[in-house]
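Before any comments, here is the structure.
There are 2 protein chains.
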Amino acid sequence: MRLAVLEHEGAALAAVELADGSFTTIADREGRPIRDVAELLKQQDWPALAREAMKTGQRLPAGTALLAPLRAPESVICVGVNYRAHIAEMGDTVPLWPTLFSKLPRALTGPGAVVELPAAAPDNVDYEGELAIVIGTGGRDLEGQEAWDAIAGFTLANDVSVRDVQFRTGQWFAGKTWEAMTPIGPVIVTPDELLDLDSRELRVHVNGQSRQLATIGDQVFTVTTLVSYISSIVSLRPGDLILTGTPGGVGVAMDPQKFLRDGDEVKVAMDGIGVLRNTFHTSGRPVELEDDRQTTVVAGVR
Amino acid sequence: MRLAVLEHEGAALAAVELADGSFTTIADREGRPIRDVAELLKQQDWPALAREAMKTGQRLPAGTALLAPLRAPESVICVGVNYRAHIAEMGDTVPLWPTLFSKLPRALTGPGAVVELPAAAPDNVDYEGELAIVIGTGGRDLEGQEAWDAIAGFTLANDVSVRDVQFRTGQWFAGKTWEAMTPIGPVIVTPDELLDLDSRELRVHVNGQSRQLATIGDQVFTVTTLVSYISSIVSLRPGDLILTGTPGGVGVAMDPQKFLRDGDEVKVAMDGIGVLRNTFHTSGRPVELEDDRQTTVVAGVR
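Here is the structure:
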């Protein structure tokens, strides 16, 4: 199944994608609309609610804009230094332990959103395309199959980083948690559709130019290992989001370095999930949206 | 005013302290009980609700146990390397920028709570007594007086750290966000009662022995500067918690190092806020509570 949040008549609605690419809304057992996949996942019978929605939900018009599929998760945990190629380009050695940090949930934004380059640090913003885990059942001290079973689905993320702020101190949080600068989406895909995850390619393009390309199998710590490790420290809960790290090819590691500029378009893509597309924009300048932006977002999901 | 959350008949109730040390419950405009100070602070007229509660709220019996005054804040932001004496003992230099990291809100626990030493790392747990800021109005890009005015109050925190996990990688998050290992409380005190904050002493005792002692004026970055800096990165919201860093005297910096052991009691104290007292306990061993634990927590607040 492919879960999303769409904006319809000014409201956010959790929805499930049908075979023809359209979306139907998901309601709870009392028939009330669910507004966030993070909220849906708190319902123990969420797969049944989503399947029911595929049969009887309200079909949303073609071209309805997608929002971040998780609008208010309780936590966003990030992994650094997790692809062998990225480790090499940053001059690091393969680590014994996952590097964990976090973002505030208010750092998230949606597919298609225009991301503002902060006025205080406009020349130092970098992309990091990532596969992200969305927790379903959650729990503590999850091991092996339990850890896999705790996963509700996968989505894509752009772990946008304000590099000079990230490296002002030894702790990366300040450069990673900027308001509404971390796009996620376009949809959350359940694990049964991504059983061959390790052989899937994660791709990032900036203005159509290929920048990042890796198979998930290049990760040092697998998604199952990450869920298991994090749950040894703290309980995981429905809707928690885990960004699993970025492959090689980030702008800060290029020679010369290439940071994002006003008008740049970044696409993070994986077959089976879709394309997370965002444009970057200098803060304070009026945004000129392309006429077909919202249509493009929906049509470009797969 | 002094705000708290108490456990009464199995439920959490936000409350305000009266001059005699007893607490009365706070209700919203519809008369429904408020269960978390984080929830209270989302009401724009919260000072009026709290003042009303001092006159007409339900008085809770003496000896009612205190819980964490913020049970589910949206974010917990932490500051490292912020007291000149602690910077010296850790061998660091005075920083140009605040060092920021975060914890998941589920890392919090309350005053009087027994904190479990994790089975995976029982011999490496350290205390860090801290002054903590609770955000009231919040906002973005707050400067000077605006930043001070955004503060709803102050409380105490013990930024308990699992040192070997904290230093496994360059990012401290994993060693700082352990489940229910960060006590906060006992109460949140509004800024009007702490105008001489810089001259106040923060004190930490382990089993009655003095370990940390500093005046808030020894902070490199003042509370106003921290609120301003964080709000330049991300919006602050009602109920957000900011731990402002720890003074010198942590166990990891002693020679020989002294970590917390089964049965240890840590008290973090500041005149005008009170005493945050917790005992530490080896995971998996039954807890033998002192008979007077709950009474002690309430009686020991000031």
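Heads up: the sequence lines are chains Z and H, in that order. Using our numbering, read the first sequence as starting at 1 and increasing by one per residue. Using our numbering, read the second sequence as starting at 1 and increasing by one per residue. Note that beta-carbon positions come from the ideal geometry of N, C-alpha and C, so glycine has one too.
Between Thr296(H) and Leu18(Z), what straight-line distance do the alpha-carbon atoms span, to the nearest angstrom?
Walking along the second sequence from the start, residue 296(H) turns up at place 296. Walking along the first sequence from the start, residue 18(Z) turns up at place 18. At Thr296(H), the pLDDT of 38 sits below 50, so the modelled position is not reliable; the number obtained from the coordinates is stated separately. Near 59 Å, if we compare the C-alpha coordinates of Leu18(Z) and Thr296(H).
By the three-class DSSP mapping on this structure, what secondary structure does Ala4(Z) have?
Taking the first sequence and counting its residues from 1, the one referred to as residue 4(Z) is at position 4. Reduced to three states, the DSSP call for Ala4(Z) is strand.
Can you list the residues of chain H that Pro95(Z) reaches, using a CB-CB cut of under 8 Å?
The sequence position of residue 95(Z) within the first sequence is 95, counting from 1. Those are Thr169, listed as they occur along chain H.
Name the residue from Arg163(H), Ala4(H), Ala107(H) whose alpha carbon lies nearest to the alpha carbon of Ala14(H).
To locate residue 14(H), count along the second sequence from 1; it is residue 14. It is Ala4(H) whose Cα lies nearest to the Cα of Ala14(H).
Which residues, in chain order, does the region 231–251 of chain H contribute to contact with chain Z at a C-beta distance below 7 Å?
Answer in chain order: Ser232, Ile233, Val234, Ser235.
Return no unless some Cβ of chain Z is closer than 8 Å to the Cβ of Gly80(H).
By 1-based counting over the second sequence, the position of residue 80(H) is 80. Interface residue, yes.
With a Cβ-Cβ cutoff of 8 Å, do Arg200(Z) and Met270(Z) count as a contact?
Start at 1 with the first residue of the first sequence, and residue 200(Z) comes out as number 200. Start at 1 with the first residue of the first sequence, and residue 270(Z) comes out as number 270. Yes, the pair counts as a contact, with Cβ atoms nearer than the cut-off.
Pick helix, strand or coil for Arg84(H), following the three-state DSSP scheme.
Residue mapping note: residue 84(H) aligns to position 84 of the second sequence, counting from 1. Here Arg84(H) sits in helix by DSSP.
Excluding the 5 residues flanking Ala50(Z) on each side, which residues of the same chain have their C-beta closer than 8 Å to its C-beta?
Within the first sequence, residue 50(Z) is the residue found at index 50, counting from 1. Here the set comprises Met1, Leu3, Val16, Ile26, Leu40.
Verify the CB distance criterion: does Leu41(H) have a CB-CB separation below 8 Å to chain Z?
Within the second sequence, numbered from 1, the residue matching residue 41(H) stands at position 41. No, Leu41(H) lies away from the interface with chain Z (no Cβ there is under 8 Å from its Cβ).
What residues in its chain sit with their C-beta under 6 Å from that of Phe280(Z), if we drop five residues either side in the sequence?
Taking the first residue of the first sequence as position 1, residue 280(Z) is located at position 280. Taken in chain order, the residues that qualify are Val115, Leu117, Leu260, Asp264.
Name the two residues that bound the continuous alpha helix (DSSP H) containing Arg211(Z).
For the purposes of this step, residue 211(Z) is taken as the residue at position 211 of the first sequence. Counting along the chain, Arg211(Z) falls outside any alpha helix (DSSP H), though it belongs to the beta strand (DSSP E) covering 209–215.
Which residues, in chain order, does the region 106–132 of chain H contribute to contact with chain Z at a C-beta distance below 9 Å?
Listed by position along the chain: Arg106, Ala107, Pro118, Ala120.
Determine, using beta carbons only, whether Glu17(H) comes closer than 8 Å to chain Z.
Here residue 17(H) is taken as the residue at index 17 of the second sequence, counted from 1. Judged by the 8 Å Cβ criterion, Glu17(H) is not in contact with chain Z.
List the whole-angstrom C-beta distance separating Gln171(H) from Trp172(Z), where the pair is believed to meet the contact cut-off of C-beta under 8 Å.
Looking up residue 171(H) in the second sequence gives position 171. Looking up residue 172(Z) in the first sequence gives position 172. Rounded, the Cβ-Cβ distance is 6 Å, consistent with contact.
Residues in its own chain within less than 7 Å of Trp178(H) by CB, not counting five upstream and five downstream?
Against the second sequence, residue 178(H) aligns to sequence position 178. Counting only Cβ-Cβ distances below 7 Å, and skipping sequence neighbours, we find Ala107, Pro118, Val162.
May I ask you to check if the CB of Val252(Z) is nearer than 7 Å to at least one heavy atom of the ligand GDP?
This structure does not include the ligand GDP; it has no bound ligands of any sort.
Go ahead and label Ala62(Z) buried or exposed: buried means 16 or more other beta carbons lie within 10 angstroms of its beta carbon, across all protein chains shown.
The sequence position of residue 62(Z) within the first sequence is 62, counting from 1. Exposed is the call here.
Excluding the 5 residues flanking Phe267(H) on each side, which residues of the same chain have their C-beta closer than 6 Å to its C-beta?
To locate residue 267(H), count along the second sequence from 1; it is residue 267. Here the sequence assigns Lys to residue 267(H), which means Phe is not the residue at that position. Taken in chain order, the residues that qualify are His205, Val275, Arg277.
Thr64(Z) by DSSP, collapsed to three states: which one?
Along the first sequence, read from residue 1 onward, the residue named residue 64(Z) stands at position 64. Three-state DSSP puts Thr64(Z) in coil, outside helix and strand.
Nearest-angstrom Cα distance between Gly10(H) and Ile34(H)?
Reading the second sequence from its first residue, position 10 is the one you call residue 10(H). Reading the second sequence from its first residue, position 34 is the one you call residue 34(H). If I take the Cα positions, the gap works out to 14 Å.
Under DSSP, the beta strand (DSSP E) around Met254(Z) begins and ends at which residues?
As a position in the first sequence, residue 254(Z) is number 254, starting the count at 1. That residue, Met254(Z), is in no beta strand (DSSP E); it is neither H nor E in DSSP.
Once DSSP output is grouped into helix, strand and coil, what is the label at Ile188(Z)?
Locating residue 188(Z) in the first sequence gives position 188, where the first residue counts as 1. Of the three classes helix, strand and coil, the one that applies to Ile188(Z) here is strand, per DSSP.
Could you check if Asn207(Z) is buried or exposed, using at least 16 other CB atoms within 10 Å of its CB as the buried criterion?
Against the first sequence, residue 207(Z) aligns to sequence position 207. Counting Cβ neighbours within 10 Å, Asn207(Z) comes out exposed, since fewer than 16 surround it.
Within the continuous beta strand (DSSP E) that includes Thr279(Z), where are the two ends?
Translated into positions along the first sequence, residue 279(Z) becomes position 279. Element bounds for Thr279(Z): 274–282.
Report the rounded CA-to-CA distance for Gln44(H) versus Ala121(H), giving the unit in angstroms.
For the purposes of this step, residue 44(H) is identified with residue 44 of the second sequence, where counting begins at 1. For the purposes of this step, residue 121(H) is identified with residue 121 of the second sequence, where counting begins at 1. Near 43 Å, if we compare the C-alpha coordinates of Ala121(H) and Gln44(H).
Does DSSP put Phe101(Z) in a helix, in a strand, or in coil?
Along the first sequence, one-based indexing puts residue 101(Z) at 101. It is a strand residue.
Quick one: grab the DSSP three-state call for Lys267(Z).
Indexing the first sequence from 1 puts residue 267(Z) at position 267. DSSP places Lys267(Z) in strand when its eight states are reduced to three.
Buried or exposed: where does Gly21(Z) fall if 16 or more other Cβ atoms within 10 Å of its Cβ makes it buried?
As a position in the first sequence, residue 21(Z) is number 21, starting the count at 1. So Gly21(Z) counts as exposed.
Quick one: which chain H residues come within Cβ less than 8 Å of Glu179(Z)?
Counting from 1 along the first sequence, the entry for residue 179(Z) is found at position 179. Simply Arg140, Ile233, Val234, Ser235.
Could you tell me which chain H residues have their CB closer than 7 Å to the CB of Ala174(Z), listed as they occur along the chain?
Translated into the one-based positions of the first sequence, residue 174(Z) becomes position 174. By Cβ distance, chain H contributes Leu100, Ile233.
Beta-carbon within less than 6 Å of Thr137(H)'s beta-carbon, same chain only, minus the 5 sequence neighbours each way: which residues are those?
Numbered from 1 along the second sequence, position 137 holds the residue referred to as residue 137(H). So the list reads Ala150, once near-sequence residues are dropped.
Smallest Cα separation from Leu197(H): which of Gly248(H), Ile273(H), Arg71(H)?
Position 197 of the second sequence, counting from 1, holds the residue named residue 197(H). For the residues Gly248(H), Ile273(H), Arg71(H), the minimum Cα distance to Leu197(H) belongs to Ile273(H).
Between which two residues does the alpha helix (DSSP H) containing Arg51(Z) stretch?
Counted from its first residue, the first sequence places residue 51(Z) at position 51. Looking at the DSSP string, the run of the alpha helix (DSSP H) that includes Arg51(Z) is 46–56.
What is the DSSP secondary structure of Ala27(H), reduced to helix, strand or coil?
The residue labelled residue 27(H) in the question sits at position 27 within the second sequence. Residue state, collapsed to three classes: strand.
Pull up the distance between the alpha-carbon of Val223(Z) and that of Trp148(Z), whole angstroms please.
In the first sequence, counting from the first residue as 1, residue 223(Z) sits at position 223. In the first sequence, counting from the first residue as 1, residue 148(Z) sits at position 148. Roughly 8 Å separates the two Cα atoms.
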